[in-house]
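Enquirer: For the record, the sequence lines run as chains A and B. Residue 8 is where the first sequence starts when you use the working numbering, and the numbers rise one by one after that. Residue 8 is where the second sequence starts when you use the working numbering, and the numbers rise one by one after that. I am attaching a structure below and will ask some questions about it afterwards.
Protein chains: 2
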Amino acid sequence: MGWVQKRRDHGGVIFLDLRDRSGVVQVVLSPDTGGLPFQRANSVRAEFVLAVRGQVRRRPPGTENPQMATGEVEVATSELEILNTARALPFHPGDAAGVDEALRLRYRYLDLRRQESWHIFTMRHRAANIIRDFLSKKGFLEMETPMLTRSTPEGARDYLVPSRVHPGEFFALPQSPQLFKQILMIAGFERYFQFARCFRDEDLRADRQPEFTQLDLEMSFVDEHDIQQLTEELLAALFQELLDVELTLPFPHLTYQEAMGTYGSDRPDLRFGLEMVDVSSILADSKCRVFAGTIKKGGVVKGIRVPGAAGFSRKILDELTSMAVEWGAHGLAWFILEDKGVRSPLVKLMEPEEIDALITKMEGKSGDLLLFVADQRQVAEEVLGKLRLELAGRLDLIDNKKYTFIWITDFPLLEYDENEQRLEAVHHPFTSPLNEDLPLLESQPERVRARAYDIVLNGVELGGGSIRIHRRDLQERIFGVIGLEPQEAQEKFGFFLEALDYGAPPHGGIAFGFDRLLMLMLDLETIRDVIPFPKTQRATCLLTSAPAPVIPKQLRELHIQCLPAKIKQD
Amino acid sequence: MGWVQKRRDHGGVIFLDLRDRSGVVQVVLSPDTGGLPFQRANSVRAEFVLAVRGQVRRRPPGTENPQMATGEVEVATSELEILNTARALPFHPGDAAGVDEALRLRYRYLDLRRQESWHIFTMRHRAANIIRDFLSKKGFLEMETPMLTRSTPEGARDYLVPSRVHPGEFFALPQSPQLFKQILMIAGFERYFQFARCFRDEDLRADRQPEFTQLDLEMSFVDEHDIQQLTEELLAALFQELLDVELTLPFPHLTYQEAMGTYGSDRPDLRFGLEMVDVSSILADSKCRVFAGTIKKGGVVKGIRVPGAAGFSRKILDELTSMAVEWGAHGLAWFILEDKGVRSPLVKLMEPEEIDALITKMEGKSGDLLLFVADQRQVAEEVLGKLRLELAGRLDLIDNKKYTFIWITDFPLLEYDENEQRLEAVHHPFTSPLNEDLPLLESQPERVRARAYDIVLNGVELGGGSIRIHRRDLQERIFGVIGLEPQEAQEKFGFFLEALDYGAPPHGGIAFGFDRLLMLMLDLETIRDVIPFPKTQRATCLLTSAPAPVIPKQLRELHIQCLPAKIKQD
């Protein structure tokens with residue numbers, strides 16, 4: 008039984024490619040087969056559903072198809088039943104690749120009939136099983152946490168669910184099971200994991216979904232090293248079993264500061280070099296005012312050596328400069344190193360010894376291009392970080408077969424939020440500060456480092472975690488530093504503060520974007536490919552047309568009403 | 008590392024029972040241990056979290072504890088660190104059993120520290136793994152379906168989620184993944200399963216939760232027998248591996264009519280007998296008017312033989328009669344069979360031959376009690392069904408160690424809903440009718456049987472499923488019969504009707520209440536015991552106090568406002 012993939016008529020004989028999830032087989036009906044089956048086969052179109060009975064036989068010599076797993080045989084059909092018909096298709100599953108994504112999402116069931124979809128969701132299933140097996144063997148329990156929970160407006164925006172039983176009150180869908188997994192540690196479970204559905208009502212820039220699946224885990228009586236080691240072993244098992252790829256353990260570590268200083272990003276892609284070098288010390292007294300002036304004002308000059316890019320045209324160099332400016336730099340200084348000397352608009356403005364020192368510091372060789380940005384540290388690093396990625400693309404430096412993992416550690420605990428005019432947790436307010444930085448918490452809060460770690464694969468943040476605060480006094484101090492009044496803290500997190508009072512063990516954990524991990528492992532473009540029923544950037548399901556209006560009775564029962572529409576945005 | 012379960016001081020020596028999830032060990036500190044560890048141990052109270060280092064040694068002869076797995080050893084402690092303190096506890100985890108459930112739910116992390124909780128959630132974890140292994144080996148893919156989906160107000164009440172991006176529109180949380188799993192079959196996946204979170208905003212009578220977990224599966228190209236066989240093998244594997252209990256396959260079958268006729272229930276408990284017998288044919292011309300009159304008006308007389316209940320006092324018989332009346336019967340006729348003859352208020356009103364025929368039909372023996380209800384068939388069967396359960400309890404007929412499964416089949420497809428004044432689907436409107444009953448669909452719709460099946464364990468409905476409709480024309484006919492205008496059907500289910508147009512295979516499935524299955528397997532009283540963070544009957548989480556009010560900005564962003572409160576119910 009299966010779907011008609013293709014029908015061909017050849018010399019009065021009907022050939023059907025019949026497909027099920029296991030593959031395709033050729034079904035043959037000749038006019039002398041007998042009336043009814045042949046008649047029915049004659050009415051069959053693409054994606055009809057058939058039940059067929061017949062003799063499997065070797066194909067006649069010369070008609071074998073070596074491209075096909077079943078290319079040496081065919082089914083000489085004696086019975087054929089049409090289980091269901093199919094209308095003319097908006098697109099054929101086999102040709103879905105080129106079709107507009109909106110159309111594919113509207114007819115997702117046709118899109119999912121592609122061979123590739125079958126592969127993707129088989130891999131997703133197997134990946135989850137491998138992870139479950141690994142964690143089960145390590146003594147983790149998979150436990151479910153509530154979807155209908157409490158709104159704690161920290162971080163992203165919550166999806167709300169009005170309560171019918173409690174007028175004027177709302178549940179929130181979880182942004183992550185953070186507090187519940189910490190409560191499970193306080194409850195003594197020691198090792199928990201979950202494939203948790205998480206919800207964030209954010210504007211969906213980039214490749215985000217309003218609901219996504221997170222592999223979430225937490226352990227008691229551990230430090231950073233334990234979590235990281237477990238994570239590495241987990242990923243090694245997954246890559247080995249799913250892709251037959253052997254990862255090299257342990258993964259390298261960079262502190263946040265090192266990552267920013269060398270790659271201009273807290274999720275650096277280490278599949279290629281182009282590291283940044285700080286040349287401020289050489290240029291502090293440069294004749295060239297752009298450099299010296301910036302450094303005097305507390306800024307830096309940082310550069311990248313681009314091997315083999317001395318041949319870049321003026322046009323390319325202008326493009327790179329425009330990009331740098333667009334990203335926030337004042338300009339981009341370039342030096343082309345050739346056998347016959349150095350070319351740069353700045354040669355005239357600088358001492359030859361200065362240029363020599365610069366080239367030596369950058370380890371420049373003939374054929375290289377040197378690029379520099381002079382600016383405040385953050386701007387210089389971010390701009391060169393983006394340039395670095397741009398150059399890797401242009402020079403095709405990235406080996407797509409490589410999986411390069413790295414841990415980023417020692418993130419700042421807090422950052423100043425200009426909009427809210429207050430300090431905010433970089434990760435979340437339950438992250439433990441580094442013990443040695445505790446004395447700075449009130450005096451220089453932005454210098455306090457967190458016991459947080461992100462894991463980055465090929466320049467994509469795959470997951471992140473931290474050692475949590477397990478003592479009430481410290482948790483209250485952190486709430487205070489981020490501007491939560493004691494009463495507010497009590498209202499929002501009182502139950503959690505109380506839980507810390509009853510024997511909370513030291514604990515920590517990590518969470519991975521499971522969709523994103525699969526996307527990277529399967530080398531796909533978007534996480535929509537690994538989700539059976541994804542939503543669009545406007546948070547719409549094109550298949551079911553959700554969200555949709557509801558009947559007034561439903562709203563009345565929930566004690567809410569819609570506000571009069573202001574501006575129609577659709 | 009672990010929690011202090013108990014502390015005893017004995018002759019200056021401190022004994023601590025230190026607990027982690029693996030068990031308890033005795034930690035000993037004598038004053039000569041050295042200052043700091045002993046001092047610290049002195050300040051320790053129940054549920055403090057400690058790190059301890061020391062020598063594991065055999066306990067002194069005579070002090071062993073044979074009740075304890077580690078009762079022969081103890082830890083002579085040289086180092087002790089207090090990782091966290093604990094306030095005086097609202098209740099001790101070890102004594103939680105007798106504590107008010109509201110208090111236990113508020114401090115759920117203490118309640119979960121019970122040894123039994125650890126057992127329950129280990130079993131839950133293992134059960135899920137056994138099921139996943141079994142289904143994976145059978146070629147099923149575990150696939151995720153959306154939580155933010157479309158409201159289709161059929162069946163229970165939806166939880167709604169206002170959309171921020173689409174003012175005035177709402178998502179609904181799924182009552183089950185019904186349509187998505189059918190779409191996955193249309194997409195060609197053939198075998199799907201999921202542990203799916205489901206949501207129903209109902210008044211929580213009995214043992215229900217607003218969110219619960221369903222083991223949901225669906226197959227293509229199958230009939231009832233295939234689904235039932237797979238289910239039986241799955242349950243057999245689960246009971247074998249989790250409980251070491253061997254189930255006898257195949258499970259017996261009863262049609263809905265047989266179940267109602269013999270047990271007065273569509274989820275009969277077959278761990279005991281007390282089957283109903285129809286004696287209408289004997290009593291049609293009875294002198295006793297209650298019997299004859301009822302039968303003449305289209306009613307029936309049905310009875311139960313209760314072996315060994317001839318000794319029931321008049322008081323008990325009066326109680327049973329009151330119950331029968333409360334459940335809707337006009338009365339309860341009883342006959343006590345003794346060696347010396349028959350006792351009954353009705354003896355005087357009936358011919359001796361009639362009574363003899365009755366006893367013969369009921370296979371009555373001396374020592375039995377015969378009970379009869381004369382009424383319309385439905386009333387008589389329901390009342391005797393309830394009496395049957397009541398009698399089994401009173402006579403202690405139920406073997407709690409037994410697992411008795413049964414399939415109930417051939418449910419009616421439709422039933423008349425008095426409130427809505429229209430026909431409604433008994434299961435859901437996607438259930439296929441029996442082919443042979445199709446001609447009755449418009450003329451005698453209530454006589455049409457469904458290709459639906461429930462699985463019942465010990466009188467509890469464990470799961471249910473059906474073969475689905477896979478042809479658009481039939482689906483539209485069913486929508487018509489339940490009073491959905493074509494336009495309304497199009498608005499609500501248009502996307503699904505369209506999907507049926509593009510090669511939908513024959514398919515069917517089943518879904519189990521996973522929480523309820525575990526509750527029964529672990530012999531627990533309520534499903535709250537198998538859910539880490541359950542809600543109360545009023546759909547409240549006592550731990551987090553969800554639901555809760557939110558700030559006005561959150562509602563404005565969602566384009567809704569609360570209606571003014573009418574009556575405060577709390």
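Even glycine gets a Cβ: it sits at the ideal position worked out from N, Cα and C.
Quick check on the DSSP output: what are the complete beta strand (DSSP E) runs of length 3 or more inside the region 444–510 of chain B, in order along the chain?
Expert: For the region 444–510 of chain B, whole beta strand (DSSP E) runs of length 3 or above, ordered along the chain, are 459–464, 467–474.
Enquirer: Compile a chain-ordered list of the residues in the region 524–549 of chain A whose CB is closer than 8 Å to at least one CB of chain B.
Expert: Against chain B - using a Cβ distance shorter than 8 Å - the residues of the region 524–549 of chain A are 538, 539, 540, 542, 545, 546, 547, 548.
Enquirer: Alpha carbon to alpha carbon, how far is residue 406 of chain B from residue 464 of chain B?
Expert: Distance between the alpha carbons of residue 406 of chain B and residue 464 of chain B is about 13 Å.
Enquirer: Could you check the C-alpha separation between residue 295 of chain B and residue 409 of chain B for me, to the nearest Å?
Expert: Taking the straight line from one Cα to the other gives about 41 Å.
Enquirer: Which whole runs of the alpha helix (DSSP H) in the region 512–569 of chain A are 4 residues long or more, in chain order?
Expert: As far as the region 512–569 of chain A is concerned, its whole alpha helix (DSSP H) runs of at least 4 residues are 521–528, 559–564.
Enquirer: Residues of chain E with CB closer than 9 Å to the CB of residue 327 of chain B, please, in chain order.
Expert: The structure shown has no chain E; the protein chains it does contain are A and B.
Enquirer: Count the other C-beta atoms from every protein chain shown that fall within 10 angstroms of the C-beta of residue 70 of chain B, then say buried if there are 16 or more, exposed otherwise.
Expert: Flag for residue 70 of chain B reads exposed.
Enquirer: Could you check what DSSP says for residue 306 of chain B in three-state terms: helix, strand or coil?
Expert: Here residue 306 of chain B sits in coil by DSSP.
Enquirer: With 8 Å set as the bound, which would you pick, yes or no: does the beta-carbon of residue 234 of chain A sit closer than that to a beta-carbon of chain B?
Expert: Judged by the 8 Å Cβ criterion, residue 234 of chain A is not in contact with chain B.
Enquirer: Can you give the beta carbon distance from residue 414 of chain A to residue 235 of chain A, rounded, assuming they're within the 8 Å contact cut?
Expert: The Cβ separation is near 6 Å, so the contact holds.
Enquirer: The region 435–451 of chain A: which residues have C-beta closer than 9 Å to a C-beta of chain B, in chain order?
Expert: Listed in sequence order: no entries.
Enquirer: Can you tell me whether residue 179 of chain B is helix, strand or coil according to DSSP?
Expert: DSSP places residue 179 of chain B in strand when its eight states are reduced to three.
Enquirer: In chain order, what are the residue ranges of uninterrupted alpha helix (DSSP H) at least 4 long that sit wholly in the region 240–273 of chain A?
Expert: Runs found: 263–270.
Enquirer: Does residue 175 of chain B have its Cβ less than 8 Å from a Cβ in chain A?
Expert: Closer than 8 Å to some Cβ of chain A, the Cβ of residue 175 of chain B qualifies, so yes.
Enquirer: Report the neighbours of residue 8 of chain A on chain B: residues whose CB is nearer than 9 Å to its CB, in chain order.
Expert: Simply 227, 228, 512, 513.
Enquirer: Counting only Cβ pairs nearer than 8 Å, list the residues of chain B close to residue 208 of chain A.
Expert: Ordered by position in chain B, the residues that pass the 8 Å Cβ test against residue 208 of chain A are 171.
Enquirer: Classify residue 304 of chain B as buried or exposed, calling it buried when 16 or more other Cβ atoms lie within 10 Å of its own Cβ.
Expert: Per the 10 Å Cβ criterion, exposed.
Enquirer: Assuming residue 17 of chain B is part of the beta strand (DSSP E), what are its boundary residues?
Expert: Counting along the chain, the beta strand (DSSP E) containing residue 17 of chain B begins and ends at 9–17.
Enquirer: So residue 128 of chain A contacts chain B; which residues on that side make the cut at Cβ distance below 8 Å?
Expert: In chain order: 148, 150, 196.
Enquirer: Roughly how many angstroms separate the alpha carbons of residue 257 of chain B and residue 232 of chain B, rounded to a whole number?
Expert: When rounded, the distance between both Cα atoms is 11 Å.
Enquirer: Measuring CB to CB, does residue 189 of chain A end up less than 8 Å from residue 205 of chain A?
Expert: Cβ atoms of residue 189 of chain A and residue 205 of chain A: not closer than 8 Å.
Enquirer: Hey, residue 309 of chain A and residue 283 of chain A: beta-carbon distance below 8 Å or not?
Expert: Yes, they are a contact pair.
Enquirer: Taking C-beta to C-beta, are residue 11 of chain A and residue 81 of chain A nearer than 8 Å?
Expert: Against a cut-off of 8 Å, the Cβ pair of residue 81 of chain A and residue 11 of chain A comes out as no contact.
Enquirer: So, with DSSP's three-state summary, where would you put residue 204 of chain A?
Expert: If DSSP states are grouped into helix, strand and coil, residue 204 of chain A belongs with the strands.
Enquirer: Name the one or two DSSP bridge partners that residue 227 of chain B has.
Expert: In DSSP, residue 227 of chain B forms a bridge with B:514.
Enquirer: Are the region 150–157 of chain A and the region 180–189 of chain A in contact at 8 Å, needing three or more beta carbon pairs?
Expert: Result yes; three or more Cβ-Cβ pairs closer than 8 Å.
Enquirer: Going along chain A, which residues have a C-beta under 7 Å from residue 190 of chain B?
Expert: In chain order: 116.
Enquirer: Quick check: the Cα distance between residue 477 of chain A and residue 52 of chain B, rounded to an integer number of angstroms?
Expert: Straight-line Cα distance between these residues: approximately 18 Å.
Enquirer: Suppose contacts are defined by Cβ-Cβ distances below 8 Å. Is residue 201 of chain B in contact with residue 152 of chain B by that definition?
Expert: Contact flag set, yes.
Enquirer: Closer than 6 Å by C-beta to residue 471 of chain B: which residues in its own chain qualify, once you throw out the five before and the five after it? Chain order, please.
Expert: 461, listed in sequence order.
Enquirer: Alpha carbon to alpha carbon, how far is residue 521 of chain A from residue 89 of chain B? Give it in angstroms, no decimals.
Expert: One C-alpha to the other measures close to 37 Å.
Enquirer: Which of the three DSSP states is assigned to residue 27 of chain B in this structure?
Expert: Reduced to three states, the DSSP call for residue 27 of chain B is strand.
Enquirer: Would you list, in sequence order, the uninterrupted alpha helix (DSSP H) runs of no fewer than 4 residues that lie entirely inside the region 52–133 of chain A?
Expert: Whole alpha helix (DSSP H) segments, 4+ residues: 108–113, 115–118.
Enquirer: Quick one: is residue 425 of chain A buried, meaning 16 or more other Cβ sit within 10 Å of its Cβ, or exposed?
Expert: Classification for residue 425 of chain A: exposed.
Enquirer: Between which residues of its own chain and residue 147 of chain A is the CB-CB distance below 6 Å, once the five residues before and five after are set aside?
Expert: Only 198, 200 meet the Cβ criterion.
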